[in-house]
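Scroll down for the structure; my scribbles are underneath it.
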Amino acid sequence: MSDAPATSDGHVTVGTTDTASTAPAGRINRSEVAHLARLARLAVTDDELDLFAEQLDVILGAVASVSDVAAADIPPTSHAVPMTNVYRADEVQPCLPREDVLAGAPDVEDHKFRVPRILAEEA
Amino acid sequence: MSDLTRMTAAEIGALVAGGEVAAVEVAQAHLDRIGSVDAQVNAFLHVDTAGALEAAKAVDTARANGTVLGPLAGVPLAMKDVVVTKGLPTTAGSKILQGWHPPYDATITERIKNAGIVMLGKTNMDEFAMGSSTENSAYGPTHNPWDLSRIPGGSSGGSSAAVAAFEAPLSIGTDTGGSIRQPAAVTGIVGHKPTYGGVSRYGLIAFSSSLDQAGPFGRTVLDAALLHEVIAGHDPRDSTSIDGPVPPVVAAAREGAAAGSLAGVRVGVVRELGGEGYQPGVLAAFDTAIGTLRELGAEIVEVSCPHFEYALAAYYLIAPSECSSNLARFDAVRYGLRVGDDGANSLEEVMSLTREAGFGPEVKRRIMIGTYALSSGYYDAYYGQAQKVRTLIARDFAVAFERADVLVSPSTPVVAFGIGEVVDPLTMYRNDLCTLPASLAGTPATSVPCGLSDGLPVGLQIMAPALADDRCYRVAAAYEAAAGPLTFPEVTA
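Protein sequence lines correspond, in order, to chains A and B. Count along the first sequence from 1, add 156, and you get the number used in our numbering. Residue 256 in our numbering is what sits at position 267 of the second sequence, and the numbering runs on without skipping anything.
Here is the structure:
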């Protein structure tokens, strides 16, 4: 399975491009797990692909029952207790000391986080 | 002095405040207890002996200097390892955070310290709070003090086991889908999930942000209430924190126990939380508890919440979706593990190798389910639909609370099962059947012990409307006083 294209709204398409509001059947196979793992930055092993394909298919089959509920005119709830956006005064606050934060980093250079290369060198 | 580890937090606090026992002595008694039983129980990931004795000494010094101590000053506490503690290891039960020392304290850590509570150490848990048995910890399972071959519940199983094994009178748990109430139930202690927003999430390592809520464990309802009052209240550093008064939970616990009556209280039994899939021993203990509530004068009514049957499906879409986003922060750059940084691998490859090595199987499963459920094309069918089901569950609660002041159910369908006994993920998820509705609705709920089934504890869940946490405590305290205490088993070295 090739890398799925990102849509204009920034979402990434997995599997079919079915946009119906019912959960799709025949949910997930080995190559889809490989794709999900790539999206989630998990370098899963071959054995895990088999295990997770089987398990995710069962789990997704069970949770698909949410689509049995007639809820077309029901508003979604994101947070249980209704609240509006919270603002604070735009004032400078002290932040954590830089060295305290860097102390937990896996690699530090010149008082900064050192990261592996981010640009490909090959053509 | 009788054994300090057998006392309630309220008793210890009174003795320390009255100068009858030194906080250092209390701390040492609990550290000794940890030393003698934790090799069997494995409740703690890290014991902070020096820090605990230092904090206890500060309490004794403050008292000697004339400071009036709060009700929990000098009382030891075990902290779930998902709560950040400055300078103390914090792993959330994951290999990916092994060796990390947070540079700051969570708000609840600060409040606990400011109350003079003595933090003994950090407790074991399912990795990133994902699980119902504490078997998903990267650091080995915790054992239930009632039967060391069984699970202590999860995800806050180290915290529940520590209290049930008399290693601490109090502990902190976090509850996303039942991770306080289920471990409380299976270890025979009291646990309360506050109203969402009642306790600050600042400094909790996030799992599912719209559901996560920290709360207290204790061996008595009053102890849990005393700790609740310490940690609750508005925090500007958590944008979902409720800016309002803390429910009067301590007063409610005291009144409930003293009144010896629930006359005028309408208790709703939720028809959908029982029956098939529930162990007969659990249902029998629950029925006995209903009888006790009726004898206390409560009016028992049956209520129906038809959408609760979809709670499991909605939860196992919403929580994995939010976790897939929250756990993106473990990127091998700013903290924790880094694997494969050999100069040849790219940042993205190092990230993938690190996350593969650092996360356990349940965390990977949930990240991938969440990634799937949030994908374009599936979003409406899965995450969007789950959020609508959440609305319907909240409406079921609203209708039920018109007929009842509190709702009750068993806290779990089954008693503690054997370590290694449940391997299928879906079977494990069903442990949360009773606790998920209140999680999704953001409403408060307590689990209080209601007897034994074949020698293992059963929990009674008491649910109240949002912001009415005090009702849970009042009913739980009245029930506890009428039912009498459990006799805890002896864990011996």
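No residue lacks a Cβ here, since even glycine has one placed at the ideal position from N, Cα and C. Fair warning: this is a prediction, and the values are worked out from it, not measured in the lab.
For this session: Output, in sequence order along the chain, the residues in the segment 228 to 248 of chain A whose CB is closer than 7 Å to any CB in chain B.
Result: I230, P231, P232, T233, S234, H235, A236, V237, M239, V242 and R244
For this session: Identify which residue in B:G192, B:Y462, B:D201 and B:T56 has its Cα closest to the Cα of B:P225.
Result: B:G192
For this session: Could you tell me which of A:A226, A:A196 and A:T233 sits nearest to B:S199, measuring between CA atoms?
Result: A:T233
For this session: Name, please, each residue of chain A whose Cβ falls closer than 8 Å to the Cβ of B:S483.
Result: Here chain B comprises residues numbered -10 to 482, so residue 483 of chain B is not present and cannot be evaluated.
Problem set entry | Beta-carbon contacts of B:A246 that lie in its chain and below 8 Å, excluding the five residues immediately before and after | V210, L211, A466, A467, E469 and A470
For this session: Just mark B:V57 as buried or exposed, buried being the case when its beta carbon has 16 or more other beta carbons within 10 Å.
Result: exposed
Problem set entry | Cα-Cα separation between B:A32 and A:S223, rounded to whole angstroms | 40 Å
Problem set entry | chain B contacts made by the segment 261 to 275 of chain A, where a contact means CB separation under 7 Å | A261, P262, D263, F269, V271, P272, R273 and I274
Problem set entry | Reduced DSSP category for B:R354 - H, G, I as helix; E, B as strand; rest coil | helix
For this session: Give the secondary structure of B:A471 by DSSP, where H, G and I count as helix, E and B as strand, and everything else as coil.
Result: helix
For this session: Using 10 angstroms around the beta-carbon of A:M239, count the other beta-carbons present and answer buried if the total reaches 16, otherwise exposed.
Result: exposed
For this session: Inspect the beta-carbon positions of B:V378 and B:Y305 and report whether they are closer than 8 Å.
Result: no
Exercise. Considering only C-alpha positions, which residue in the set B:T424, B:F117, B:P474 and B:S313 is nearest to B:K182?
Worked result: B:T424
Exercise. Could you give the residue range of the beta strand (DSSP E) that holds A:H235?
Worked result: Note, A:H235: premise wrong, no beta strand (DSSP E); not H, not E.
Problem set entry | CA-to-CA distance, B:P130 to B:G444, given in whole angstroms | 21 Å
Exercise. What residues of chain B sit near A:D256, judged by a beta carbon separation below 7 Å?
Worked result: P92
Exercise. Once you ignore the five residues that flank A:S158 on each side, which residues in its own chain have a CB closer than 6 Å to its CB?
Worked result: Low per-residue confidence applies at A:S158: pLDDT is 37, beneath 50, and the placement is therefore not dependable, though the value from the model is reported in the following sentence. There are no such residues.
Exercise. Can you list, in chain order, the residues of its chain whose CB lies under 8 Å from that of B:Y372, leaving out five sequence neighbours each side?
Worked result: L306, I307, S310, A362 and L363
Problem set entry | is_contact[B:Q224, chain A] using C-beta, thresh 8 Å | Checking the sequence shown, residue 224 of chain B turns out to be Asp, not Gln. It does not: the Cβ of B:D224 has no partner Cβ on chain A nearer than 8 Å.
For this session: State buried or exposed for B:Y128, treating a residue as buried only when at least 16 other CB atoms are found within 10 Å of its CB.
Result: buried
For this session: State the start and end residues of the unbroken alpha helix (DSSP H) segment that holds B:M114.
Result: Segment: none, B:M114 is in no alpha helix (DSSP H) and carries neither H nor E.
Exercise. Within 10 angstroms of its Cβ, does B:H296 collect 16 or more other Cβ (buried), or is it exposed?
Worked result: buried
Exercise. Do B:K69 and B:I220 have their C-beta atoms closer together than 8 Å?
Worked result: no
Problem set entry | Within 7 Å of chain A by C-beta, residues of the segment 47 to 73 of chain B in sequence order | none
Exercise. When the Cα of B:L20 is compared with those of B:V10, B:A67, B:T79 and B:E284, which residue comes out closest?
Worked result: B:A67
Exercise. Between which two residues does the beta strand (DSSP E) carrying B:M68 extend?
Worked result: P65 to K69
Exercise. What residues from the segment 209 to 223 of chain A come within 8 Å of chain B, judged by C-beta to C-beta, listed N to C?
Worked result: Q211, L212, V214, I215, L216, A218, V219, A220, S221, V222 and S223
For this session: Starting from the C-beta of A:S177, find all residues in its chain whose C-beta is less than 7 Å away, skip the five residues before and the five after it, and write them out in chain order.
Result: Bear in mind that the predicted position of A:S177 carries a pLDDT of just 41, short of 50, making it too unreliable to give a figure here.
For this session: Can you grab the Cα-Cα spacing for the pair A:A245 / B:E99, in whole Å?
Result: 23 Å
Exercise. Does the pairing of the segment 273 to 287 of chain B with the segment 439 to 454 of chain B give three or more beta-carbon distances under 8 Å?
Worked result: yes
Exercise. Is the segment 383 to 393 of chain B close to the segment 188 to 206 of chain A, with three or more CB pairs under 8 Å?
Worked result: no
Problem set entry | According to DSSP, residues forming a beta bridge with B:S160 | B:A67 and B:F206
For this session: May I ask you to report which of helix, strand or coil DSSP gives B:M417?
Result: helix
For this session: Excluding the 5 residues preceding and the 5 following B:P236 in the sequence, name in chain order all residues of the same chain whose CB lies nearer than 7 Å to its CB.
Result: L456, A457, D458 and D459
Exercise. Rounded C-beta distance between B:L137 and B:Q17? I'm assuming under 8 Å.
Worked result: Not confirmed; about 25 Å, so no contact.
Exercise. What's the C-alpha gap between B:G252 and B:R260?
Worked result: Here residue 252 of chain B turns out to be Ala, not Gly, going by the sequence shown. Each residue's Cα considered, the two are about 23 Å apart.
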